[in-house]
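Numbering (our numbering) for the sequence shown: 13 to 483.
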Amino acid sequence: AALVSDIRELKKDRRKNADAIEGIVRAMNGRADALAAAQLDRGFLDPEPAGVPLEILSLDADDAFHAAETERARLKLSDPRRNAGKIKELEDDMNARAHVLAGELKEKEREIFLDPQPGGVPVSELPLDSDESFHTMEVERLRLRNEDPRGNAAKIKDLEGQLNERALDVARAVKEEDLEALESAPRGIPLALLRPHDDEAFASLAKEARGAGRKSGGPSPHAAADALNERARELADQVLRGDRGFLDREPEGVPLSMLPLDTDRGFHEMEVERAVLKLTDPKKNADKIAALEDRLTDRAHELAHERLSGDRGFLNPGPEGVPLEILPLDEDPKFHQMEAERAKLKAQDPRRNERKVADLENAMNDRCHELACDQLREDLAGVDKEPRDIPLELLHPHGDPAFAALVSDIRELKKDRRKNADAIEGIVRAMNGRADALAAAQLDRGFLDPEPAGVPLEILSLDADDAFHAA
Numbered sequence: 013a014a015l016v017s018d019i020r021e022l023k024k025d026r027r028k029n030a031d032a033i034e035g036i037v038r039a040m041n042g043r044a045d046a047l048a049a050a051q052l053d054r055g056f057l058d059p060e061p062a063g064v065p066l067e068i069l070s071l072d073a074d075d076a077f078h079a080a081e082t083e084r085a086r087l088k089l090s091d092p093r094r095n096a097g098k099i100k101e102l103e104d105d106m107n108a109r110a111h112v113l114a115g116e117l118k119e120k121e122r123e124i125f126l127d128p129q130p131g132g133v134p135v136s137e138l139p140l141d142s143d144e145s146f147h148t149m150e151v152e153r154l155r156l157r158n159e160d161p162r163g164n165a166a167k168i169k170d171l172e173g174q175l176n177e178r179a180l181d182v183a184r185a186v187k188e189e190d191l192e193a194l195e196s197a198p199r200g201i202p203l204a205l206l207r208p209h210d211d212e213a214f215a216s217l218a219k220e221a222r223g224a225g226r227k228s229g230g231p232s233p234h235a236a237a238d239a240l241n242e243r244a245r246e247l248a249d250q251v252l253r254g255d256r257g258f259l260d261r262e263p264e265g266v267p268l269s270m271l272p273l274d275t276d277r278g279f280h281e282m283e284v285e286r287a288v289l290k291l292t293d294p295k296k297n298a299d300k301i302a303a304l305e306d307r308l309t310d311r312a313h314e315l316a317h318e319r320l321s322g323d324r325g326f327l328n329p330g331p332e333g334v335p336l337e338i339l340p341l342d343e344d345p346k347f348h349q350m351e352a353e354r355a356k357l358k359a360q361d362p363r364r365n366e367r368k369v370a371d372l373e374n375a376m377n378d379r380c381h382e383l384a385c386d387q388l389r390e391d392l393a394g395v396d397k398e399p400r401d402i403p404l405e406l407l408h409p410h411g412d413p414a415f416a417a418l419v420s421d422i423r424e425l426k427k428d429r430r431k432n433a434d435a436i437e438g439i440v441r442a443m444n445g446r447a448d449a450l451a452a453a454q455l456d457r458g459f460l461d462p463e464p465a466g467v468p469l470e471i472l473s474l475d476a477d478d479a480f481h482a483a
């Protein structure tokens with residue numbers, strides 16, 4: 013008001029007082045600016061929206077904020093009491109806008125220096141704003157950039173390195189938290205060794221799980237955990253099934269795909285142990301891994317043998333009277349080749365290959381009979397072929413219980429011929445004795461006159477008489 017009074021007086025002679033009037037106008041502008049600034053007070057604003065100090069934000073350069081601030085000043089000057097409601101709404105809008113600007117500033121600045129996916133986790137998924145250590149360094153960096161970006165370049169660069177390291181720490185913590193509620197060792201492999209976050213599908217599910225239960229229409233925490241567990245099991249299966257190149261492709265002639273490798277407990281335990289060693293330190297554990305691979309290969313052969321021997325119900329259980337278990341079916345190349353081929357045909361398409369399978373089964377039964385005949389001949393090795401001049405085969409010694417018992421004994425002893433040589437020799441003597449008895453029984457003489465010419469039969473040398481013996 014004092015300035016207005018002065019300028020009115022001076023304007024009575026504008027030409028004479030031109031310089032003085034100009035000075036008064038400058039003073040009036042300064043005062044008007046001070047009055048306007050007083051109306052543009054910002055004490056109601058959050059001093060650190062989104063954790064960013066107000067002085068770092070370019071509030072004056074933001075059109076939306078400036079428009080709201082100007083309107084608020086106008087309402088306050090017009091009638092602050094009457095306009096109290098509108099003023100409060102504008103203040104809320106301005107606070108909200110300040111938060112938006114703070115968020116945009118941090119996002120923009122982070123794009124300049126921060127790894128977009130520390131530890132494989134998108135920056136947007138990290139709780140950086142709530143991490144005290146990260147926040148302190150980030151605000152300090154913003155302050156240095158705001159003050160003198162060139163002069164503070166070294167400090168800014170150092171902070172950026174520390175911020176990246178801290179973001180990586182936060183990412184590790186997030187990933188650990190992702191795994192807390194999950195199965196610790198899917199398929200027996202420790203979850204952390206699978207590096208599940210490196211898998212795109214798992215990482216996507218983990219992202220969904222972090223918001224589970226908070227977003228409408230999203231998965232429940234339980235459903236999210238189930239999905240993650242299922243994917244982790246799939247990853248474990250990939251590690252195990254996808255690394256079997258060291259195994260024989262067809263142990264015992266049986267394709268690996270036909271063997272229960274996934275369900276056999278012994279195989280699975282060794283396979284898991286091998287996988288853990290490889291995932292931990294393949295170079296350091298090379299010897300242990302190699303030893304396990306040998307054992308796994310042996311187990312695959314055992315399973316193949318079980319697969320074959322467990323599917324012989326179509327065979328005659330006693331070809332030529334010889335039990336199947338006595339026959340060397342597993343060692344016989346001809347039988348094994350047919351058995352492996354039959355297994356493949358059944359695995360491929362049992363209905364389509366039905367005729368071929370039946371033909372092979374007939375051929376395998378024939379081979380069993382051949383092997384049984386070989387076994388019967390082997391049983392009689394060392395036994396007199398013609399006891400009392402009667403061909404041994406006519407005596408059917410295997411059908412005699414006493415002789416059959418000796419056969420059973422000698423078969424067992426012959427499993428280790430060197431060790432049991434003396435015992436085998438003894439059994440052969442006994443078998444010869446029994447064969448002789450069987451032959452003697454065939455030479456019955458009940459039809460003869462007990463005392464020809466009054467001489468008892470036992471006194472006569474009938475066995476030594478060629479003509480009598482031949483008859």
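We treat Cβ as the ideally placed atom computed from N, Cα and C, and that holds for glycine. In this text, all values refer to a predicted model and were calculated from it rather than measured experimentally.
> By DSSP, does Phe125 sit in helix, in strand, or in coil?
Replying inline: Looking up residue 125 in the sequence shown gives position 113. Phe125 falls in the helix class under three-state DSSP.
> What are the boundary residues of the alpha helix (DSSP H) that includes His317?
Replying inline: Here residue 317 refers to the residue found at position 305 when the sequence shown is read from its first residue. Per DSSP, His317 belongs to the alpha helix (DSSP H) from Ala298 to Ser321.
> In or out: Val251 buried (at least 16 other Cβ within 10 Å) or exposed?
Replying inline: By 1-based counting over the sequence shown, the position of residue 251 is 239. By the neighbour-count rule (16 or more Cβ atoms within 10 Å), Val251 is buried.
> Do you know whose CA, among Lys28, Leu418, Ala370 and Leu66, lies nearest Arg441's CA?
Replying inline: For this step, residue 441 is matched to residue 429 along the sequence shown. Comparing Cα-Cα distances from Arg441 to each of Lys28, Leu418, Ala370 and Leu66, the minimum goes to Leu418.
> Taking the C-alpha atoms as reference points, what is the distance between Leu240 and Pro65?
Replying inline: Position 228 of the sequence shown, counted from the start, is the residue given in the question as residue 240. Position 53 of the sequence shown, counted from the start, is the residue given in the question as residue 65. If you take the alpha carbons of Leu240 and Pro65, they lie about 40 angstroms apart.
> Leaving out five residues before and five after Asn29 in sequence, what residues of the same chain have Cβ atoms less than 6 angstroms from its Cβ?
Replying inline: By 1-based counting over the sequence shown, the position of residue 29 is 17. Same-chain partners within the cutoff: Leu22.
> Around the C-beta of Asp428, are 16 or more other C-beta atoms found within 10 angstroms, so that it is buried, or is it exposed?
Replying inline: Your numbering for residue 428 matches position 416 in the sequence shown. Counting Cβ neighbours within 10 Å, Asp428 comes out exposed, since fewer than 16 surround it.
> So, are the CB atoms of Leu315 and Leu271 less than 7 angstroms apart?
Replying inline: As a first step, residue 315 must be located in the sequence shown, where it is residue number 303. As a first step, residue 271 must be located in the sequence shown, where it is residue number 259. In this structure, Leu271 lies closer than 7 angstroms to Leu315 by Cβ.
>> Tell me the rounded alpha-carbon separation between Gly438 and Lys426.
In response: Working through the sequence shown from its first residue, we reach residue 438 at position 426. Working through the sequence shown from its first residue, we reach residue 426 at position 414. Cα to Cα, the separation comes out at about 12 angstroms.
> Do you know offhand how far Gly223's Cα is from Pro161's?
Replying inline: In the sequence shown, the residue the question calls residue 223 occupies position 211. In the sequence shown, the residue the question calls residue 161 occupies position 149. Whole-angstrom Cα-Cα distance: 38 angstroms.
> Near Asp396, what residues of its chain come up, given a Cβ to Cβ distance below 8 angstroms and the 5 sequence neighbours on each side ignored?
Replying inline: Position 384 of the sequence shown, counted from the start, is the residue given in the question as residue 396. Cβ neighbours of Asp396 beyond the five flanking positions: Leu404, Asn444, Ala447 and Asp448.
> Among Leu117, Arg54, Glu332 and Gly322, which has the Cα closest to the Cα of Asp104?
Replying inline: Residue numbering aside, residue 104 sits at position 92 when the sequence shown is read from its first letter. Taking only the C-alpha atoms, the option nearest Asp104 is Arg54.
>> Which runs of the alpha helix (DSSP H) at least 4 residues long sit entirely within the stretch 398 to 469? Give them in chain order.
In response: 413 to 425 and 433 to 454
> Which residues mark the beginning and the end of the alpha helix (DSSP H) in which His209 is found?
Replying inline: Against the sequence shown, residue 209 aligns to sequence position 197. Counting along the chain, His209 falls outside any alpha helix (DSSP H), and DSSP gives it neither H nor E.
>> My assumption, with CB atoms under 8 angstroms, is that Asp391 sits in contact with Ile422. Please give the rounded CB distance.
In response: Looking up residue 391 in the sequence shown gives position 379. Looking up residue 422 in the sequence shown gives position 410. The Cβ separation is near 7 angstroms, so the contact holds.
> Can you give the Cα-Cα distance for Leu406 and Glu424, rounded to whole angstroms?
Replying inline: Locating residue 406 in the sequence shown gives position 394, where the first residue counts as 1. Locating residue 424 in the sequence shown gives position 412, where the first residue counts as 1. Cα to Cα, Leu406 sits roughly 25 angstroms from Glu424.
> Thinking C-beta only, is Ala287 closer than 7 angstroms to Ile201?
Replying inline: Position 189 of the sequence shown, counted from the start, is the residue given in the question as residue 201. Position 275 of the sequence shown, counted from the start, is the residue given in the question as residue 287. Going by C-beta atoms, Ile201 is nearer than 7 angstroms to Ala287.
> Taking the alpha carbon of Gln360 as the point to measure from, which residue in Pro61, Pro267, Ala85 and Ala414 has its own alpha carbon closest?
Replying inline: Position 348 of the sequence shown, counting from 1, holds the residue named residue 360. Gln360 has its Cα closest to that of Pro267, out of Pro61, Pro267, Ala85 and Ala414.
> If we ignore side chains and look at the alpha-carbon of each, how far apart do His280 and Ala244 end up?
Replying inline: Taking the sequence shown and counting its residues from 1, the one referred to as residue 280 is at position 268. Taking the sequence shown and counting its residues from 1, the one referred to as residue 244 is at position 232. If you take the alpha carbons of His280 and Ala244, they lie about 17 angstroms apart.
> Can at least three beta-carbon pairs, one atom from the stretch 360 to 374 and one from the stretch 317 to 325, be found at a separation below 8 angstroms?
Replying inline: no
>> Under 8 angstroms: do the stretch 56 to 65 and the stretch 96 to 115 share three or more Cβ pairs, one atom per stretch?
In response: yes
> Can the beta-carbon of Arg155 be found less than 7 angstroms from the beta-carbon of Leu171?
Replying inline: Counting from one through the sequence shown, the residue named residue 155 turns up at place 143. Counting from one through the sequence shown, the residue named residue 171 turns up at place 159. No, the Cβ-Cβ distance between Arg155 and Leu171 is not below 7 angstroms.
> In its own chain, which residues sit with a C-beta less than 8 angstroms from the C-beta of Ile19, not counting the 5 before and 5 after it?
Replying inline: For this step, residue 19 is matched to residue 7 along the sequence shown. Hits under 8 angstroms: Ile33, Ile36, Val37 and Met40.
> Lys296: buried (16+ other C-beta within 10 angstroms of its C-beta) or exposed?
Replying inline: Taking the first residue of the sequence shown as 1, we reach residue 296 at position 284. With fewer than 16 other Cβ atoms within 10 Å, it is exposed.
> Taking Cβ to Cβ, would you say Leu247 is nearer than 7 angstroms to Ala312?
Replying inline: Residue mapping note: residue 247 aligns to position 235 of the sequence shown, counting from 1. Residue mapping note: residue 312 aligns to position 300 of the sequence shown, counting from 1. No, the pair does not count as a contact, with Cβ atoms beyond the cut-off.
> Short check: CB of Ala352 to CB of Arg400, under 7 angstroms?
Replying inline: Taking the first residue of the sequence shown as position 1, residue 352 is located at position 340. Taking the first residue of the sequence shown as position 1, residue 400 is located at position 388. For Ala352 and Arg400, no; Cβs fall outside 7 angstroms.
>> Please list the terminal residues of the continuous alpha helix (DSSP H) segment that includes Thr148.
In response: To locate residue 148, count along the sequence shown from 1; it is residue 136. Unbroken alpha helix (DSSP H) run through Thr148: Glu144 to Glu159.
> If you follow the alpha helix (DSSP H) that Leu241 is part of, which residue opens it and which one closes it?
Replying inline: Counting from one through the sequence shown, the residue named residue 241 turns up at place 229. Residue identity differs from the one stated: residue 241 is Asn in this sequence, not Leu. Pro233 to Arg253 is the extent of the alpha helix (DSSP H) around Asn241.
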